[in-house]
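Trainee: Take this structure, written in structure tokens, and hold onto it; I'll ask about it next.
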DNA sequence: TATGAATGAGACTTCATTCAT
DNA sequence: AATGAATGAAGTCTCATTCAT
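Quick look at the structure:
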């Protein structure tokens, strides 16, 4: 009985979260009412409160999108051997995510989470934790590259991590706004910038040129 | 009388906007009430509505911070002759702004404007217009650099513009969150990336190395 | 089988009522939820409704505490022969009840029942019926005392009944509030007042002085 | 401007409190909604919250009826010279209040305040403070009577105070329930009881017999 | 022009009760 | 008989906006 019940409970929770994401993406956190979420998820308002203590709890569960940062960390961790390959994978995974229309809502909700993080400490904690994971992994990757002699010695790993993440964030923002991004061109430029600034020899661009997407 | 009255009116408006900025930076757009703004600006709620038609009007006036983009555009326009200098100036002006504690509130309000732009078309128009100006000027700058033979031919001006702006946005976001940014290191890295990717010869870094600030 | 089932049912009912009394004493009728009662009694909310039709039904079953009035009536009925003894017993039984910490919860719930009786006719009926029984028995006791020549002729039995009951109620109220009552002193005073106002000769006090408790 | 404004404010507050008292007397604290109070007082719900922070605030302002205890204290303080007269006045003032139909609502609300005092510390403080004032004054009165040789030496002032107050409370309760009280008879009995228990000589009853009311 | 009391729609949340399992 | 998830009506309180002074 507990197993079925637990599975049910989790699926119900997801059903509500999915509805909430749609609402939040459409109207924003604050313009979305709990009635909206209930209606969209097909449950009563009372039921909503069986699964989440408050509306803020729902926001909390969505504002911090672990999947994005997990995917990025995973990409970098894949290529223990070759830091260059790790960077290339990172760009590719992130580019793919940016181009994915299925992630439109997540992006919009994510940007709202950034704003919410400014005044909600719990949300801030979640959001910056996700960022910190990616940053840590990036720093390690750059350090490995330096140790292997692939990256220049005068490169600051932390600056690289912060800067790349900042660029990703800005592109996410523009994508959320529906700005027309030429991801192919931007990807090529990013690879060129990385190659020019990080690498000891100019092999990066050619070696990592992905099969042209989008 | 109209002139004096106009000046009065404008000063009153600014007084309210300054108060609103402080409130918004502290609590966010939605958690700030019109009563909060009135109290903080020292006028009555009724008076508030003599200067702004709705609360959204106040948000609108603050969400889109022209000063930032105007400064950037101005920096680039300064150096009609030398595109490299234009880029250097851009980085410097933006770095100075990022490091300026006096702009803390503007940054926080700006990030909230980004989220608000997702669902408020008017705000979106304002915010993206500011971004478009900077982008246009950047594109022109890169094109001039290519024409002058300073920049590589295979560089996509639009990608450069979008990417640099994205990076600025991401850094603004992290600064708004209070993340500790090593702006010196980040500036050096950015110059290296730009030099490596854009320039036909590696003079950028040295020529533009600013008197060390941070 | 029906007999066992009935016993089970009754014990279950009591289990729920005991839990409800604890809840009501702690939080009051209105601040106690049916979920509270269910939790405290260790049954599910659904089960609660197998034993009581509504929450008001539970309140009803507790607001009117028959045990108190039954004990008082019984005390008076004991001494058919000597009305003085009846009064003495009444005071003693009531004093014992007032001093009994085990009746703390019942007192608190009782006081809430008084308030509830103001707007719930059914509760009012129950509460005033209990009071009426005590009153009737007191009136009969005083009348017997008058007939036997022990009590003064100009005494109004109804006034005596109402007044004594009122005093009991007030003391119950103060005890429920946790006021420090010197029950010994109050008992002595009450006996003196009764003796002075009711009796034809001043034997009451000495004859009825109980072995000092409290 | 402030004087008019203050007067207005106070009158508005009273208007709301009067309406609330009517509602509470009719339906009880908990069954009365803030919408009920607003409707009954002829203001909007929003306005209600301009004058009271919460519904509990309104309850608080009504649960503790200072007027009653103040009147009683005043009655006792009047007759500095003659304690007997003080007691007589006390009974008379209280009897008058009990018989006053204009105080019906106050009585009903008061009884609800007793119940509320069980779980709301602030209300408890207010209610018991009122009781303490009357008690203190009664104790002082009895002590004066003993010092003057009018009252017996073996009388416990505190017991007298507690017991008389308890009787008043119980009679208030019964009056609130609409029980038919023969106040004349009860008053006579109370005087007889006081005379018999407190006085050194039996002059009380005759000396203080009031012009027969009710 | 300035005020601030008044408004009322609507948000979030609770809770007594039901019912499928 | 027992469960506990689900319901939805209703309650308290907030707040952007208006308007008489």
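Protein chains in written order, with our numbering: chain P, 74 to 287; chain Y, 74 to 287; chain L, 74 to 287; chain B, 74 to 287.
Cβ atoms here follow ideal geometry from the backbone N, Cα and C, with glycine treated the same way.
Because the structure is a prediction, the values reported are computed rather than measured.
Could you tell me if residue 115 (chain L) is buried or exposed, where buried requires 16 or more neighbouring beta carbons within 10 angstroms of its beta carbon?
Mentor: Residue 115 (chain L) sits at position 42 when you count from the first residue of the third chain. That one is exposed.
Trainee: Quick one: list the residues of chain L neighbouring residue 203 (chain B), beta-carbon separation under 8 angstroms, in chain order.
Mentor: Here residue 203 (chain B) is taken as the residue at index 130 of the fourth chain, counted from 1. For residue 203 (chain B), none of the residues of chain L pass the 8 angstroms Cβ criterion, the least Cβ distance being about 12 angstroms.
Trainee: Below 8 angstroms, how does it come out for the region 144–163 of chain B and the region 113–130 of chain B: are there three or more Cβ pairs, yes or no?
Mentor: no
Trainee: Count the CB pairs spanning the region 205–213 of chain B and the region 232–242 of chain B that are closer than 8 angstroms, and state whether there are at least three.
Mentor: Between the region 205–213 of chain B and the region 232–242 of chain B, the count of Cβ pairs shorter than 8 angstroms is three or higher; the stretches touch.
Trainee: How would you call residue 78 (chain Y), buried or exposed, if buried means at least 16 neighbouring beta carbons within 10 angstroms?
Mentor: As a working note, residue 78 (chain Y) is residue 5 in the second chain. Exposed, by the Cβ-count rule.
Trainee: Assuming contact is defined by CB atoms lying nearer than 8 angstroms, are residue 122 (chain P) and residue 89 (chain P) in contact in what I supplied?
Mentor: Residue numbering aside, residue 122 (chain P) sits at position 49 when the first chain is read from its first letter. Residue numbering aside, residue 89 (chain P) sits at position 16 when the first chain is read from its first letter. The answer is no: Cβ separation not under 8 angstroms.
Trainee: Residues of chain L with CB closer than 8 angstroms to the CB of residue 149 (chain B), please, in chain order.
Mentor: Against the fourth chain, residue 149 (chain B) aligns to sequence position 76. Result: empty, since nearest Cβ-Cβ is about 18 angstroms, beyond 8 angstroms.
Trainee: Quick one: does residue 281 (chain P) have its CB under 8 angstroms from some CB of chain Y?
Mentor: Numbered from 1 along the first chain, position 208 holds the residue referred to as residue 281 (chain P). Unreliable placement is indicated for residue 281 (chain P), whose pLDDT of 45 sits below 50; the coordinate value is still reported in the next sentence. So no, residue 281 (chain P) is outside the interface.
Trainee: Do the CB positions of residue 241 (chain L) and residue 272 (chain L) come within less than 8 angstroms of each other?
Mentor: Reading the third chain from its first residue, position 168 is the one you call residue 241 (chain L). Reading the third chain from its first residue, position 199 is the one you call residue 272 (chain L). Between residue 241 (chain L) and residue 272 (chain L), the C-beta gap is not smaller than 8 angstroms, which leaves the two residues out of contact.
Trainee: Quick check: residue 226 (chain Y) and residue 219 (chain Y), are their CB atoms within less than 8 angstroms of each other?
Mentor: Your numbering for residue 226 (chain Y) matches position 153 in the second chain. Your numbering for residue 219 (chain Y) matches position 146 in the second chain. Their beta carbons are under 8 angstroms apart, which means residue 226 (chain Y) touches residue 219 (chain Y) by this criterion.
Trainee: Report the rounded CA-to-CA distance for residue 222 (chain L) versus residue 173 (chain L), giving the unit in angstroms.
Mentor: For the purposes of this step, residue 222 (chain L) is taken as residue 149 along the third chain, with counting starting at 1. For the purposes of this step, residue 173 (chain L) is taken as residue 100 along the third chain, with counting starting at 1. The straight-line gap from Cα to Cα measures roughly 35 angstroms.
Trainee: In whole angstroms, give me the CA-to-CA distance for residue 229 (chain P) and residue 262 (chain Y).
Mentor: As a working mapping, residue 229 (chain P) is identified with position 156 in the first chain. As a working mapping, residue 262 (chain Y) is identified with position 189 in the second chain. Between the alpha carbons of residue 229 (chain P) and residue 262 (chain Y) lies a distance of about 8 angstroms.
Trainee: Scan the region 213–244 of chain P for residues whose Cβ lies nearer than 8 angstroms to a Cβ of chain Y and list them as they occur along the chain.
Mentor: Flagged, chain order: 228, 229, 231, 232, 233, 235, 236, 238, 239, 240, 241, 242, 243 and 244.
Trainee: Just checking, does the region 156–173 of chain L make contact with the region 103–114 of chain L on the three C-beta pairs under 8 angstroms criterion?
Mentor: With a cut-off of 8 angstroms, the region 103–114 of chain L and the region 156–173 of chain L do not count as touching, because too few Cβ pairs lie within range.
Trainee: So the alpha helix (DSSP H) residue 259 (chain P) belongs to, where does it begin and stop?
Mentor: Counted from its first residue, the first chain places residue 259 (chain P) at position 186. That run of the alpha helix (DSSP H) goes 256–271.
Trainee: Please confirm whether residue 145 (chain P) and residue 167 (chain P) have their CB atoms less than 8 angstroms apart.
Mentor: Here residue 145 (chain P) refers to the residue found at position 72 of the first chain. Here residue 167 (chain P) refers to the residue found at position 94 of the first chain. A contact, by the Cβ cut-off of 8 angstroms.
Trainee: When you compare each of Y:231, Y:147 and Y:83 to residue 257 (chain P) by their alpha carbons, which one comes out closest?
Mentor: In the first chain, counting from the first residue as 1, residue 257 (chain P) sits at position 184. The shortest C-alpha separation from residue 257 (chain P) is found at Y:231.
Trainee: Is it buried or exposed, residue 269 (chain Y), if we count other Cβ atoms within 10 angstroms and call 16 or more buried?
Mentor: Taking the second chain and counting its residues from 1, one reaches residue 269 (chain Y) at position 196. With 16 or more other Cβ atoms within 10 Å, it is buried.
Trainee: Which residues in chain P sit within 7 angstroms of residue 95 (chain Y), going by Cβ to Cβ distance?
Mentor: Here residue 95 (chain Y) corresponds to residue number 22 of the second chain, with the count starting at 1. Under the 7 angstroms cutoff, chain P gives no residues; its nearest Cβ is about 13 angstroms from residue 95 (chain Y).
Trainee: Pick helix, strand or coil for residue 125 (chain P), following the three-state DSSP scheme.
Mentor: The count along the first chain starts at 1 and reaches residue 125 (chain P) at position 52. Here residue 125 (chain P) sits in coil by DSSP.
Trainee: Would you tell me roughly how many angstroms separate the C-alpha atoms of residue 177 (chain L) and residue 249 (chain L), rounded to the nearest one?
Mentor: Taking the third chain and counting its residues from 1, the one referred to as residue 177 (chain L) is at position 104. Taking the third chain and counting its residues from 1, the one referred to as residue 249 (chain L) is at position 176. Looking at the two C-alpha atoms, the distance is approximately 7 angstroms.
Trainee: Ignore the nearest five residues each way along the sequence and tell me which others in residue 287 (chain Y)'s own chain have a CB closer than 6 angstroms to its CB.
Mentor: Counted from its first residue, the second chain places residue 287 (chain Y) at position 214. Residue placement at residue 287 (chain Y) cannot be trusted, given a pLDDT of 40 that sits under 50; what the coordinates show is reported in the next sentence. Correct list, in chain order: 256 and 257.
Trainee: Just the Cα atoms here: how many angstroms apart are residue 282 (chain B) and residue 252 (chain L)?
Mentor: What you label residue 282 (chain B) is simply residue 209 of the fourth chain in a count that begins at 1. What you label residue 252 (chain L) is simply residue 179 of the third chain in a count that begins at 1. Any reading at residue 282 (chain B) is ruled out, since the residue's pLDDT is 47, under 50, leaving its predicted position unreliable.
Trainee: Less than 6 angstroms between C-beta atoms, sequence neighbours within five positions excluded: which residues of the same chain meet that for residue 179 (chain L)?
Mentor: Taking the first residue of the third chain as position 1, residue 179 (chain L) is located at position 106. The answer, listed in chain order, is 138.
Trainee: When you check each C-beta in the region 100–126 of chain B against every C-beta of chain L, which residues fall closer than 7 angstroms?
Mentor: Taking 7 angstroms as the upper bound on Cβ-Cβ separation, chain L lies near residues 100, 101, 103 and 104 of the region 100–126 of chain B.
Trainee: Counting only beta-carbon atoms, is residue 255 (chain B) nearer than 8 angstroms to chain L?
Mentor: Within the fourth chain, numbered from 1, the residue matching residue 255 (chain B) stands at position 182. Yes, contact with chain L.
Trainee: Along chain L, which residues have their Cβ under 8 angstroms away from the Cβ of residue 168 (chain B)?
Mentor: As a first step, residue 168 (chain B) must be located in the fourth chain, where it is residue number 95. Here the premise fails: no neighbours, minimum Cβ distance about 12 angstroms.
Trainee: Quick one: grab the DSSP three-state call for residue 286 (chain Y).
Mentor: Taking the second chain and counting its residues from 1, one reaches residue 286 (chain Y) at position 213. With a pLDDT of 42 at residue 286 (chain Y), under the threshold of 50, the modelled position of that residue is not reliable, and the figure given next carries that caveat. Here residue 286 (chain Y) sits in coil by DSSP.
Trainee: According to DSSP, what are the bridge partners of residue 224 (chain B)?
Mentor: Within the fourth chain, the letter at position 151 stands for residue 224 (chain B). Per DSSP, B:272.
Trainee: Comparing the C-beta of residue 139 (chain Y) with each C-beta of chain P, is any distance below 8 angstroms?
Mentor: On the second chain, residue 139 (chain Y) is found 66 positions in, with the first residue counted as 1. Not closer than 8 angstroms to any Cβ of chain P, the Cβ of residue 139 (chain Y) fails to qualify, so no.
Trainee: Kindly indicate the opening and closing residues of the alpha helix (DSSP H) around residue 177 (chain B).
Mentor: Here the question's residue 177 (chain B) lines up with position 104 in the fourth chain. First-last of the alpha helix (DSSP H) with residue 177 (chain B): 177–190.
Trainee: Short of 7 angstroms Cβ to Cβ, which residues in the region 182–209 of chain Y face chain P?
Mentor: 184, 185, 187, 188, 190, 191, 192, 197 and 201
Trainee: Any idea what DSSP makes of residue 165 (chain B), helix, strand or coil?
Mentor: Counting from 1 along the fourth chain, the entry for residue 165 (chain B) is found at position 92. Of the three classes helix, strand and coil, the one that applies to residue 165 (chain B) here is helix, per DSSP.
Trainee: Hey, could you find the ends of the alpha helix (DSSP H) residue 230 (chain L) is sitting in?
Mentor: Along the third chain, read from residue 1 onward, the residue named residue 230 (chain L) stands at position 157. First-last of the alpha helix (DSSP H) with residue 230 (chain L): 230–249.
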